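Shown next as C-alpha cells:
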C-alpha cells in the first residue's frame with residue numbers, strides 16, 4: 002500500500018505541476034485581456050459619442066434647407082453638405098459598431114479565460130488534495146518504517162554526491178519487519194516444496210535415475226517429452242544447474258525451444274554473443290549480468306576471418322564475436338541505463354548499472370572508478386573491517402634482460418614479497434593471488450609461488466595464479482600484479498593500454514592489498530596505468546641494491 006501511495010504521490014506531483022502551469026497560463030491570459038478592456042471601453046465610448054454628434058449635426062442641418070425660390074447654386078451647396086454629413090453618420094455608426102463588437106468579443110474572451118482559470122484551479126486543488134493524502138500516508142509509513150520508504154530528494158537523480166550515495170546504499174522497503182516476513186514465507190515455501198518431493202518420492206526417484214543416465218551419457222530417451230520431464234524433475238530438486246556454454250549443446254540435447262525457464266548468464270561481458278545463442282534458444286527468459294568495462298571476449302578466429310564472414314553474409318561489424326559481448330548486445334535493449342565514456346571517445350551504453358562497489362578497499366576502488374566508470378560508482382565496502390597487514394605498493398624493477406616478457410628480476414622481487422607476506426604478516430597462500438598480463442609470466446610465477454608455499458596444492462594454483470583474463474570473476478585479500486613485458490618490444494604492452502578493461506580487472510581482484518611489481522617508468526607512463534602513480538594509491542618502492550640496510554619492502 003505504501004508503494005502505491007509513493008507512486009501516486011510521484012504521479013500527482015507531475016499532474017500538479019501541469020495543472021499549476023495551466024492555471025498560470027490561463028490567469029495570464031485573463032489578466033492580459035482585462036488589461037486591454039479599459040482601452041477598448043474608452044474607444045467604444047468615443048465612437049458612440051461621435052455617432053451621437055454626427056446624428057445631431059445631420060438633424061440640425063435639415064433645418065437649413067434652402068427654400069423653394071433659392072438659387073440652384075445654394076441648393077447644390079446644401080445637398081453637398083448634406084451628403085458629407087450623411088457619410089459622417091455612416092462612418093461614425095460603423096466605427097461605433099466595430100468598437101462595440103471588439104468590446105463584446107473581449108468580454109467573451111475574459112469570460113472564457115475566467116472559466117478556464119476556475120477549471121484549472123479546481124484541477125490543481127484536486128491534485129493537491131490527492132498529493133496531501135498520499136503525503137500523509139507516506140509520513141505515517143515513515144514514522145513506522147523510517148527511511149526505508151523511498152520518497153524524497155535522495156531517491157531522485159541528482160548531481161549531489163551525498164544524496165546519490167545515500168540512495169545507492171539504501172535498501173528500499175527492506176525494513177526488519179518485511180525481511181522477517183519474507184524469510185518466513187521463503188521457509189514455508191521450502192517446507193511445502195519438501196513435502197511435495199517426499200510425497201512424490203517413488204516417481205521422482207525413477208525420474209532422477211533417468212536423469213543420471215542422461216548426464217552420465219549412458220542413455221538418452223528418444224522421446225523429447227521424456228527428456229524434458231527428467232530435467233523438470235531435477236530442477237524441482239535442484240533449482241539451479243551450472244554449466245559452461247561449450248557444454249550446453251551436449252548437456253541439453255533433446256530440449257526444444259523455450260523448454261527451460263530462466264537462463265542466468267554471469268560474466269556476460271567476457272562472453273561472445275554467439276556462445277550464448279544455444280542456451281538462450283532453450284530458455285524463456287534470461288538475466289544477463291556482466292560488465293562491458295571488464296575483460297572482453299577472447300576470440301581465436303583472426304579479425305580477417307571474421308571480416309570475411311561479415312562481408313559474405315552482409316552482417317554489420319557489431320555482430321562480430323570480437324567486437325561485442327553478450328552483455329553489450331543485451332544492453333542495447335535496456336531502457337534504463339547510463340552512458341559511460343569509451344576508450345576511443347565514443348559512449349558506452351550500460352543497462353541497469355549496479356553502481357555500488359562492495360569488494361575493494363578505497364585505493365583499488367578509486368583507480369577503478371577513475372579509469373573505467375567516470376566516477377559514477379559508489380563506495381560501499383564496509384569500513385569497519387579489521388586492519389590488514391602491509392600497504393599497497395608499486396615495487397619498481399628495472400632490468401636489462403631482453404627477449405622475453407618474463408623478467409627474472411621481477412621474479413626475485415615476487416619471491417621476496419611472498420616470503421614477506423608469509424613471515425611478517427602471517428598471510429596464507431589461499432589469501433594471495435598472483436596475476437600478470439602475460440601467460441609466460443604467470444607460468445614462471447607458479448614455480449616461485451610453490452617455492453615459498455610448498456604446501457600449496459597444485460590444483461588450487463589454477464585458482465591462485467594466472468593471467469588477468471583467467472582471474473576475472475575471482476578475488477583475494479592480496480593481489481600481486483607482476484607486469485613483465487619485453488623491454489625491446491614496447492608494442493607488446495599495447496593490448497593493456499588500449500582500453501581500461503585489463504587494468505580495471507587486475508586492480509579490482511584485490512580486496513585489501515595490491516602490490517605491483519614491474520618497471521615504474523615504462524608501465525607507469527602507459528595510458529590508465531598512470532593512475533597507479535598517485536602516492537595516495539600506491540607507495541613507491543625501489544630496491545636499489547641487495548646490500549644490508551636497504552629499505553624494507555612495505556609488507
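In our numbering, the protein residues as written are 2 to 556.
Using N, Cα and C, we set each Cβ at its ideal position, and we do this for glycine too.
Since we're looking at a predicted model, the values are computed, not measured.
Could you check how far apart the C-beta atoms of residue i and residue j are, in whole angstroms? I think they sit under 8 Å.
i           : j           : result
residue 314 : residue 277 : Not confirmed; about 19 Å, so no contact.
residue 564 : residue 302 : With the chain represented from 2 up to 556, any question about residue 564 goes unanswered, as that position is not in the structure.
residue 502 : residue 295 : 6 Å
residue 509 : residue 369 : 5 Å
residue 520 : residue 397 : 7 Å
residue 122 : residue 24  : 6 Å
residue 484 : residue 524 : 5 Å
residue 381 : residue 188 : Contact doesn't hold; Cβ gap of about 28 Å is too wide.
residue 89  : residue 55  : 5 Å
Around the C-beta of residue i, are 16 or more other C-beta atoms found within 10 angstroms, so that it is buried, or is it exposed?
i           : result
residue 332 : buried
residue 479 : buried
residue 269 : buried
residue 213 : exposed
residue 543 : exposed
residue 210 : exposed
residue 328 : buried
residue 326 : buried
residue 72  : exposed
residue 2   : Because the pLDDT at residue 2 is just 48, under 50, the model does not fix this residue reliably, and the value given afterwards should be weighed accordingly. Answer is exposed; the Cβ neighbour count stays below 16.
residue 500 : buried
residue 366 : buried
residue 145 : exposed
residue 357 : exposed
residue 22  : exposed
residue 45  : buried
Near residue i, what residues of its chain come up, given a Cβ to Cβ distance below 6 Å and the 5 sequence neighbours on each side ignored?
i           : result
residue 541 : 395
residue 557 : Since the displayed the chain opens at 2 and closes at 556, residue 557 lies outside it and no answer follows.
residue 516 : 394, 418, 481
residue 18  : none
residue 430 : 454, 457
residue 420 : 453
Measure the alpha-carbon distance for residue i versus residue j and round it to whole angstroms.
i           : j           : result
residue 456 : residue 469 : 24 Å
residue 336 : residue 352 : 7 Å
residue 349 : residue 342 : 6 Å
residue 100 : residue 59  : 22 Å
residue 203 : residue 234 : 12 Å
residue 68  : residue 41  : 45 Å
residue 184 : residue 299 : 41 Å
residue 529 : residue 227 : 55 Å
residue 562 : residue 50  : Residue 562 lies beyond the stretch modelled for the chain, which goes from 2 to 556, so this question has no answer here.
residue 149 : residue 383 : 20 Å
residue 20  : residue 238 : 56 Å
residue 556 : residue 256 : 55 Å
residue 57  : residue 116 : 42 Å
residue 43  : residue 160 : 55 Å
residue 140 : residue 240 : 41 Å
residue 436 : residue 361 : 17 Å
residue 422 : residue 495 : 32 Å
residue 223 : residue 282 : 20 Å
Per DSSP, residue i forms a beta bridge with which residues?
i           : result
residue 380 : 358
residue 342 : 348
residue 519 : 397
residue 541 : 395
residue 466 : 435
residue 481 : 435, 516
residue 511 : 477
residue 289 : 266
residue 261 : 284
Using C-beta distances below 8 Å, list every residue in its chain close to residue i, excluding the 5 sequence neighbours before and after it, in chain order.
i           : result
residue 427 : 390
residue 445 : 407, 412
residue 400 : 408, 409, 410, 411, 488, 520
residue 111 : 31, 34, 35, 38
residue 230 : 208
residue 466 : 434, 435, 436, 443, 446, 447, 450
Would you say residue i lies against chain B (beta-carbon separation less than 8 Å)?
i           : result
residue 422 : As a matter of chain content, chain B is missing from the structure shown, which is built from one protein chain.
Identify, in the order they occur along the chain, each residue of the same chain with its Cβ nearer than 7 Å to the Cβ of residue i, setting aside the five sequence neighbours on each side.
i           : result
residue 244 : 252
residue 323 : 298, 300, 304, 307
residue 62  : 82, 83, 86
residue 311 : 318, 321
residue 416 : 449, 452, 453
residue 1   : With the chain running from 2 to 556 in the structure shown, residue 1 is simply not present.
residue 118 : 24, 27, 28, 31
residue 52  : 93, 94, 97
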